[in-house]
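Undergrad: Sequential numbering of the sequence shown, starting at 63, is according to my numbering.
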Amino acid sequence: MEIHSQVHARNLKKFGEYRPEVVVLTADLSESCETGYFRDTYRDRFITCGVSEQNMMSIAGGLAREGFIPFVHTFGVFIYRRALDQIAMSIAYPNLPVKMFGFLPGIMTPGGATHQAIEDVAVMRALPNMTVLDVGDVTEVESVLDLAVSIDGPVYVRMLRGEIPRLFPATEPMRLDTPRVLATGTDVVVLSSSICTEEALRATAALRAKGVSVGHVHVSTLKPFTLAKVADVVGAAKHGIITMENHTVIGGLGTIVAEQLVELGLRQRLVKLGLQDTFAHGASRRYLAREYRIDAIALVEEVETLLGTRFGITEADLAEVRIEAIHSSAKAEAL
Numbered sequence: 063m064e065i066h067s068q069v070h071a072r073n074l075k076k077f078g079e080y081r082p083e084v085v086v087l088t089a090d091l092s093e094s095c096e097t098g099y100f101r102d103t104y105r106d107r108f109i110t111c112g113v114s115e116q117n118m119m120s121i122a123g124g125l126a127r128e129g130f131i132p133f134v135h136t137f138g139v140f141i142y143r144r145a146l147d148q149i150a151m152s153i154a155y156p157n158l159p160v161k162m163f164g165f166l167p168g169i170m171t172p173g174g175a176t177h178q179a180i181e182d183v184a185v186m187r188a189l190p191n192m193t194v195l196d197v198g199d200v201t202e203v204e205s206v207l208d209l210a211v212s213i214d215g216p217v218y219v220r221m222l223r224g225e226i227p228r229l230f231p232a233t234e235p236m237r238l239d240t241p242r243v244l245a246t247g248t249d250v251v252v253l254s255s256s257i258c259t260e261e262a263l264r265a266t267a268a269l270r271a272k273g274v275s276v277g278h279v280h281v282s283t284l285k286p287f288t289l290a291k292v293a294d295v296v297g298a299a300k301h302g303i304i305t306m307e308n309h310t311v312i313g314g315l316g317t318i319v320a321e322q323l324v325e326l327g328l329r330q331r332l333v334k335l336g337l338q339d340t341f342a343h344g345a346s347r348r349y350l351a352r353e354y355r356i357d358a359i360a361l362v363e364e365v366e367t368l369l370g371t372r373f374g375i376t377e378a379d380l381a382e383v384r385i386e387a388i389h390s391s392a393k394a395e396a397l
């Protein structure tokens with residue numbers, strides 16, 4: 063599997079060449095949010111707002127009214143927790159084209175509850191006019207800028223940084239409200255997003271080797287999301303549907319799927335893997351994924367429960383193809 067680094071940093075710099083209306087804003091986290099290349103190349107279109115996220119959102123709204131396309135960069139928690147009122151009134155209400163890139167979604171950092179964006183999807187999808195995107199690999203990081211700019215209105219992106227795997231072909235860019243059907247199956251269907259898709263790919267491969275028919279859908283647009291587009295895939299599951307997300311199970315992918323299953327009249331059992339109404343503590347990504355059951359072995363265990371059998375798949379079996387995130391030596395604390 064290909065692993066790439068500094069994907070957003072390089073892509074953002076390239077994007078600036080042919081989109082002169084793009085202005086990048088940061089809240090004292092330039093290197094942590096991979097904006098350094100853009101800053102050094104287009105200094106007149108780079109604004110450091112300091113540790114003042116509310117002010118940054120208001121500035122972004124003003125720039126958008128003047129014809130610019132602001133790209134706001136900071137950690138996800140500092141977008142929706144610190145500046146929700148400014149986002150709602152200065153950006154979402156007037157439906158302005160401000161594109162917000164929230165880094166360290168979910169349990170991607172050992173920084174603990176203060177830095178882990180575990181309820182951002184629930185909060186941001188509740189805002190009228192807001193589009194919510196959740197990238198899962200290099201291909202989606204490379205193509206999300208074009209997608210975000212093509213959307214008429216504000217966009218919130220759960221962004222990945224550092225070392226990222228390429229799960230999808232570079233020729234298949236991210237598209238709005240277009241789930242990727244990675245496999246079809248008749249026993250269980252998995253819907254995953256963000257870093258959970260890599261984990262789900264590992265688990266579903268092991269399950270298929272044991273004779274389980276597993277469907278798998280990767281979801282990168284969380285608002286709008288139309289489950290009806292994959293209703294035939296989801297409806298084929300005899301034993302149940304499992305959602306798997308790097309987020310609380312309240313208000314995120316699991317909730318979205320549950321709402322639409324009811325609307326479509328589908329009656330399969332639904333299991334939601336994600337943070338179970340809890341904050342996460344500080345630890346490595348691998349530890350937290352196991353602790354809060356959003357890793358490959360957790361998915362295997364849930365499939366075993368739905369099918370009422372055990373396949374003997376162990377963490378050691380799955381670890382052979384495990385890919386660890388590698389943080390920059392300059393950011394040893396992963397912040």
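Note that the Cβ used here is the ideal one computed from N, Cα and C, for glycine as well.
Applying the 10 Å Cβ sphere with the 16-neighbour rule, what's the burial state of V25?
TA: The structure shown has nothing for residue 25, since the chain only spans 63 to 397.
Undergrad: Taking 6 Å as the limit between beta carbons, can you name the residues of its chain near T246, skipping five residues before and five after?
TA: Here residue 246 corresponds to residue number 184 of the sequence shown, with the count starting at 1. So the list reads G277 and V295, once near-sequence residues are dropped.
Undergrad: If contact is defined by three or more beta carbon pairs under 8 Å, each pair taking one atom from either stretch, is the stretch 358–375 in contact with the stretch 340–350?
TA: At 8 Å Cβ cutoff, the stretches do not touch.
Undergrad: Inspect the CB distances between the stretch 147–155 and the stretch 165–181 and report whether three or more fall short of 8 Å.
TA: no
Undergrad: By the three-class DSSP mapping on this structure, what secondary structure does K75 have?
TA: As a first step, residue 75 must be located in the sequence shown, where it is residue number 13. It is helical.
Undergrad: Cα-Cα, which of E96, N117 and K161 is closest to V85?
TA: As a working mapping, residue 85 is identified with position 23 in the sequence shown. Ranking the options by Cα distance to V85, first place goes to K161.
Undergrad: The beta strand (DSSP E) that contains L284, what's its start and end?
TA: Translated into positions along the sequence shown, residue 284 becomes position 222. Element bounds for L284: T283 to K285.
Undergrad: Give a yes or no on whether the C-beta atoms belonging to N426 and I257 are separated by under 8 Å.
TA: Absent from the structure is residue 426, since the part of the chain shown begins at 63 and ends at 397.
Undergrad: Report the rounded CA-to-CA distance for S75 versus V185, giving the unit in angstroms.
TA: Within the sequence shown, residue 75 is the residue found at index 13, counting from 1. Within the sequence shown, residue 185 is the residue found at index 123, counting from 1. Correcting the residue type first, residue 75 is Lys in the shown sequence and not Ser. Going by the C-alpha atoms only, they are around 30 Å apart.
Undergrad: For S275, name the three-state secondary structure that DSSP assigns.
TA: On the sequence shown, position 213 is the one that residue 275 refers to. Note: S275 maps to coil in three-state DSSP.
Undergrad: So what does DSSP say about S391, is it helix, strand or coil?
TA: As a working mapping, residue 391 is identified with position 329 in the sequence shown. Low local confidence applies: a pLDDT of 36 at S391 is under 50, so the model's placement there is unreliable, and no value is given.
Undergrad: How many angstroms separate the CA atom of A320 from the CA atom of L332?
TA: Position 258 of the sequence shown, counting from 1, holds the residue named residue 320. Position 270 of the sequence shown, counting from 1, holds the residue named residue 332. Each residue's alpha carbon lies about 7 Å from the other.
Undergrad: Taking 8 Å as the CB-CB cut-off, is E96 touching chain C?
TA: In the structure shown, chain C does not exist; there is a single protein chain.
Undergrad: On the three-state DSSP scale, how would you describe I131?
TA: Position 69 of the sequence shown, counted from the first residue, corresponds to residue 131. Note: I131 maps to strand in three-state DSSP.
Undergrad: Please go through the stretch 103–156 and give each complete beta strand (DSSP E) segment of 3 or more residues, from N-terminal end onward.
TA: 108–110 and 131–137
Undergrad: Which residues does DSSP pair with P227 in a beta bridge?
TA: Counting from 1 along the sequence shown, the entry for residue 227 is found at position 165. Answer is I65, bridged to P227.
Undergrad: Which residues mark the beginning and the end of the alpha helix (DSSP H) in which I359 is found?
TA: As a working note, residue 359 is residue 297 in the sequence shown. Segment A358 to L369, the alpha helix (DSSP H) holding I359.
Undergrad: Which residue comes first and which comes last in the alpha helix (DSSP H) that contains I318?
TA: Within the sequence shown, residue 318 is the residue found at index 256, counting from 1. That run of the alpha helix (DSSP H) goes L315 to L326.
Undergrad: Short check: CB of Y134 to CB of L87, under 8 Å?
TA: By one-based count along the sequence shown, residue 134 stands at place 72. By one-based count along the sequence shown, residue 87 stands at place 25. The residue asked about is misnamed: residue 134 is Val in this sequence, not Tyr. Contact: yes.
Undergrad: Are there three or more Cβ pairs, one per stretch, closer than 8 Å when the stretch 266–282 is compared with the stretch 323–331?
TA: no
Undergrad: I need the boundaries of the beta strand (DSSP E) containing G297, first residue and last residue.
TA: Counting from one through the sequence shown, the residue named residue 297 turns up at place 235. That residue, G297, is in no beta strand (DSSP E); its alpha helix (DSSP H) goes A293 to G297.
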